[in-house]
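Report on one structure; see the data block that follows.
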Amino acid sequence: MSTTDVIIIGGGLAGLTSAIHLTKAGLKVIVIEKSRYPSHKVCGEYISNEVLPYLQWLNIDPAPLQPASISRLLLSDHQGKTLTAQLPLGGFGISRYAFDHFLMERFLAQGGELINDAVTDVRMENDRMYVQTRERGVFVAPLAVGAYGKRASLDVKLSRGFVQQRSPWLAVKAHYKGDFPADTVSLHNFRGGYCGVSTVEGGIINICYLVHYDSFKKYQDIETHQQEVVYGNPFLKEVLTNSTLIFEKRLAISQISFARKEKVFDHILMAGDTAGLIHPLCGNGMAMAIHSGQIVSRNILDYFFTYKKDRRRLETTYIHDWEKAFSRRLRMGRVLSACFQHEQLAVSMMKGLTCFPRLLPKIIKMTHGKPLTCG
Ligand SMILES: Cc1cc2nc3c(=O)[nH]c(=O)nc-3n(C[C@H](O)[C@H](O)[C@H](O)COP(=O)(O)OP(=O)(O)OC[C@H]3O[C@@H](n4cnc5c(N)ncnc54)[C@H](O)[C@@H]3O)c2cc1C
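So the sequence shown is residues -8 to 366, counted in the numbering used here.
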């Protein structure tokens, strides 16, 4: 058994940001991550600039990784009709392969401890959190943060409500070599889903799409579905046929749930996708994961240093702060996704936006946050 101040389950963006924040403030933190670094993740890899001031404050500005600088949004509907807009804040394109690894190294350099293992259970006993791992035994701390992503076997073990409902969404992602403007993040509708195309460091093109199972199930594999359905959007057909796959094979995940989730469950403080996932078409999930890492860290520091380890107060305040930061964005994401899924609505929406171009930056603002304050 080992003791520490905070155990963070999952070393993705939310987990590592929070781990770096808390170690910077002098707490002893253990991150338990089941996968090895570096590894690829299914993600559009466009991050809104709203997180930059906070990343700089944490001394984890990704500039040394030479991310793509992105300032323009391109949209296309099922028929390939396009629309462009300047992004109000802009963002950057960085692979999760490079970024998560970079954050993990900064965490270790700050004196943090990383355990490479899967968490299989968490329980509270005598006001302490007991975190069970598959191979390394039990870790104990006053607080545990759940930052283990969208859906994990741990959610099933903990019997969280959202795992009872099956989700029809699956996603496919791969990196390509080819020609795509480095300053552009683009979103393309096709029957049953939508696809993001943008570049990351080294001019690599990331193509990542979310698709409803009903659209996918008639086809035997990703390749056939891509040719029969995704190519239905002429823009996507052109990009995909003119680019060369770099990955050995495309990554795919299923059961992507956008259901409401508990922000605190069995006294575990949930952060990032573990607390709630915004529809990827908003391009704000990573910024939200980083922001939630900040919110949970601030609350944890208050618990240790301001309100004398009052767990009830910590949990109530954390839920309040999380809802205040993200509820509106998540609602807007659900509305936009519903419109985008409906072919006719999507076409009408594109027509409306073409007639009233000032609407698009307003919609983008509603799905994004303001630049984060430091600390
Ligand atoms: C198709 C798609 C496209 C997207 N595109 C974008 C985009 O372009 N821009 C954007 O901002 N957002 C995008 N997102 C959202 C974004 O990917 C997520 O919001 C973000 O990755 C959340 O980070 P996280 O730290 O919460 O979780 P993750 O990055 O998933 O990290 C969770 C970590 O926990 C680990 N873990 C899981 N279970 C256990 C366990 N039992 N024990 C130990 N470790 C465990 C995992 O290995 C993982 O490393 C997209 C999402 C999807 C599905």
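For glycine and all other residues, C-beta sits at the position ideal for the given N, C-alpha and C.
{"query": "CA-CA distance, Gly184 and Thr175?", "result": "20 Å"}
{"query": "Let me check one thing: in DSSP terms, what residues is Ser177 bridge-paired to?", "result": "Leu65, Val188"}
{"query": "Short of 6 Å in beta carbon distance, which residues of its chain neighbour Phe207, apart from the five on each side in sequence? Order them along the chain.", "result": "His216"}
{"query": "Between which residues of its own chain and Ile259 is the CB-CB distance below 6 Å, once the five residues before and five after are set aside?", "result": "Val113, Ala135, Gly137"}
{"query": "How is Val33 classed by DSSP in three states: helix, strand or coil?", "result": "coil"}
{"query": "What's the call for Val163, buried or exposed, on a 16-neighbour Cβ count within 10 Å?", "result": "buried"}
{"query": "For Gly267, is the beta carbon positioned less than 7 Å from some heavy atom of ligand 1?", "result": "no"}
{"query": "Please return the same chain residues whose Cβ sits closer than 6 Å to the Cβ of Gly274, not counting the five positions on each side in sequence.", "result": "Tyr37"}
{"query": "What did DSSP end up calling Val338 once you bin it into helix, strand or coil?", "result": "helix"}
{"query": "Taking Ser177 as the reference, which of Leu292, Glu126, Glu116, Phe83 has the closest Cα?", "result": "Phe83"}
{"query": "How is the beta strand (DSSP E) around Phe83 delimited, first residue to last?", "result": "73 to 84"}
{"query": "Does DSSP classify Met(-8) as helix, strand or coil?", "result": "The predicted position of Met(-8) is uncertain, since its pLDDT is 48 and thus under 50; a value taken from the coordinates is nonetheless stated next. Note: Met(-8) maps to coil in three-state DSSP."}
{"query": "Relative to the C-alpha of Leu145, which residue among Val202, Asp108, Tyr167 is closest?", "result": "Asp108"}
{"query": "Please go through the same chain and pick out, in chain order, the residues whose beta-carbon is closer than 6 Å to the beta-carbon of Asp68, but skip the five residues on each side of it.", "result": "Asn180, Ala337, Val338, Met341"}
{"query": "Compute the distance between the beta-carbons of Ser158 and Ser248, then report whether it is under 8 Å.", "result": "yes"}
{"query": "Return the CA-CA distance between Phe295 and Pro172, expressed in angstroms with no decimal places.", "result": "47 Å"}
{"query": "For Thr75, count neighbouring Cβ atoms within 10 angstroms of its own Cβ and tell me buried if that reaches 16, exposed if not.", "result": "exposed"}
{"query": "Tell me, which residues are paired with His359 by DSSP?", "result": "Beta-bridge pairing links His359 to no other residue."}
{"query": "Are Lys141 and Asp264 closer than 8 Å when you measure CB to CB?", "result": "yes"}
{"query": "Could you tell me the distance, in whole angstroms, from the CA atom of Phe317 to the CA atom of His311?", "result": "10 Å"}
{"query": "Express the C-alpha separation of Lys15 and Asp52 in angstroms, rounding to a whole number.", "result": "15 Å"}
{"query": "Which stretch, first to last residue, makes up the alpha helix (DSSP H) that contains Gly237?", "result": "Reading the sequence as shown, one finds Ile at residue 237 and not Gly. Run containing Ile237: none; DSSP gives neither H nor E here."}
{"query": "Check whether the segment 42 to 60 touches the segment 358 to 365, taking contact to mean three or more Cβ pairs, one atom from each stretch, closer than 8 Å.", "result": "yes"}
{"query": "Is the beta carbon of Ala278 within less than 7 Å of some heavy atom of ligand 1?", "result": "yes"}
{"query": "Measuring straight from C-alpha to C-alpha, what distance separates Met(-8) and Ile286?", "result": "In this prediction, Met(-8) scores a pLDDT of 48, lower than 50, which makes its location untrustworthy; no coordinate-derived value is stated."}
{"query": "Look up Arg182 in the DSSP assignment and say whether it is helix, strand or coil.", "result": "coil"}
{"query": "Please report the distance separating the alpha-carbon of Tyr88 from that of Lys168.", "result": "16 Å"}
{"query": "For the segment 123 to 132 against the segment -5 to 8, are there 3 or more C-beta pairs whose distance is under 8 Å?", "result": "yes"}
{"query": "Kindly indicate which residue of Gly267, Asp205, Leu327 has the alpha-carbon position closest to the one of Ile354.", "result": "Leu327"}
{"query": "On the CB-based measure, 16 or more other CB atoms within 10 Å of its CB, does Thr8 come out buried or exposed?", "result": "buried"}
{"query": "Is it true that the CB of Ile85 sits closer than 8 Å to the CB of Glu192?", "result": "yes"}
{"query": "Hey, how far is the Cα of Leu65 from the Cα of Thr190?", "result": "13 Å"}
{"query": "Would you tell me roughly how many angstroms separate the C-alpha atoms of His270 and Cys186, rounded to the nearest one?", "result": "12 Å"}
{"query": "Hey, how far is the Cα of Gln77 from the Cα of Lys228?", "result": "24 Å"}
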